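Residue numbering for the sequence shown is 1 to 211, as defined by UniProt numbering.
To start, the structure itself, in structure tokens.
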Amino acid sequence: MSDSKFPKMLDYEKLKQQFGQNQTEHTSYHQNGKENELHTEIVNENDALDFKNESKPKEYQRPLLTGSRLRSYAFAVLTRKEYSKADLIEKLALYAADRDEVITLVDELARENYQSDQRVAEMTLRSQVRKGKGPNRIKLALRTKQLDKTLVEEDLNEINWYEQAYQLKVKKYGTDVSKDPKLKAKQIRFLQYRGFDMDSIMKAITRKEEE
1 MSDSKFPKML
11 DYEKLKQQFG
21 QNQTEHTSYH
31 QNGKENELHT
41 EIVNENDALD
51 FKNESKPKEY
61 QRPLLTGSRL
71 RSYAFAVLTR
81 KEYSKADLIE
91 KLALYAADRD
101 EVITLVDELA
111 RENYQSDQRV
121 AEMTLRSQVR
131 KGKGPNRIKL
141 ALRTKQLDKT
151 LVEEDLNEIN
161 WYEQAYQLKV
171 KKYGTDVSKD
181 PKLKAKQIRF
191 LQYRGFDMDS
201 IMKAITRKEE
211 E
């Protein structure tokens, strides 16, 4: 065989060393590439988050009311509904910058009769009576609105609560006077829940139709 036709025998040790070195460099290159790639992804993700935060509109906050704006709002509230003084203060304070200003304003509105605890108490009384509520429930409703019961004490005393209780009993259980202790107890609980006192209740459940 001539040297011109056949290459020399390969030096495997030399190729092994060369191959191993190149492989290490190649792996290192890819590792670095992955690190760079990972770093790029993290940066891009953070950029995207920042962009989202910047593009998100800030929630609108209504400015707190003072002066003429607070006064106008108070009148608007009172044109829609009657409020007790305590309830009106709490209503306005939700939107006002200064609670003391609210209290001063409500006091003024009460003096000018734009706000009236008397009117609210009378309206509460009439509404509760229409719903079939007795004096105890009505007094509770007044306390809830922080209204003094003396505002309608005269009206409370003029109502025939015995008759009111009897009409409710008839509407619910009829005119028959029950002798069943369980049914009588049920009627008593019903009228007690409605706010009637025991004297009116006992008269109502024992009253005969012809009386």
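All C-beta atoms in this analysis are idealised placements derived from N, C-alpha and C, irrespective of residue type, glycine included.
Model, not experiment: these values are computed from the prediction.
Cβ-based neighbour list, LEU78, same chain, cut-off 8 Å, excluding 5 preceding and 5 following: Excluding positions up to five away in sequence, the list reads LEU88, LEU109, TYR114, GLN115.
Those residues which DSSP pairs with SER96 across a bridge: This sequence places Ala at residue 96; Ser is not what is there. DSSP, once it has assigned bridges, lists LEU65 as partnering ALA96.
Buried/exposed call for GLN31, threshold 16 Cβ in 10 Å: Residue placement at GLN31 is poorly supported in this model, since its pLDDT is 46, which falls under 50; the coordinates still yield a value, given next. With fewer than 16 other Cβ atoms within 10 Å, it is exposed.
ARG130 versus LYS81 - alpha carbon distance: 19 Å
PHE196: first and last residue of the uninterrupted alpha helix (DSSP H) it sits in: Per DSSP, PHE196 belongs to no alpha helix (DSSP H) and is neither H nor E.
Under 7 Å between C-beta atoms of LEU156 and ASP117: The beta carbons of LEU156 and ASP117 sit no closer together than 7 Å.
Assigned exposure category for SER127 - 16 Cβ within 10 Å defines buried: Around the beta carbon of SER127, fewer than 16 other beta carbons sit within 10 angstroms, so the residue counts as exposed.
Same chain only: Cβ atoms within 7 Å of LYS171, ignoring 5 sequence neighbours per side: None.
Contact between the segment 170 to 188 and the segment 135 to 149 (3+ Cβ pairs under 8 Å): Not touching, per the Cβ criterion.
Cβ-based burial, LEU191 [other Cβ within 10 Å; buried from 16]: buried
Local conformation of GLN128 per DSSP, three classes: In the three-state reduction of the DSSP assignment, GLN128 falls in the helix class.
Any 3 or more C-beta pairs closer than 8 Å across the segment 63 to 71 and the segment 89 to 96: The answer is yes - the segment 89 to 96 touches the segment 63 to 71, with three or more Cβ pairs under 8 Å.
Buried versus exposed call for TYR166 [16 or more other C-beta atoms within 10 Å across all chains shown]: It counts as buried.
Own chain, CB closer than 7 Å to LYS85, minus 5 neighbours either side, in chain order: VAL106, ALA110, GLN115, ASP117
Simplified DSSP state of ASP107, which is helix, strand or coil: helix
Test item: CB-CB of LYS169 and ILE205 under 7 Å: In this structure, ILE205 lies closer than 7 Å to LYS169 by Cβ.
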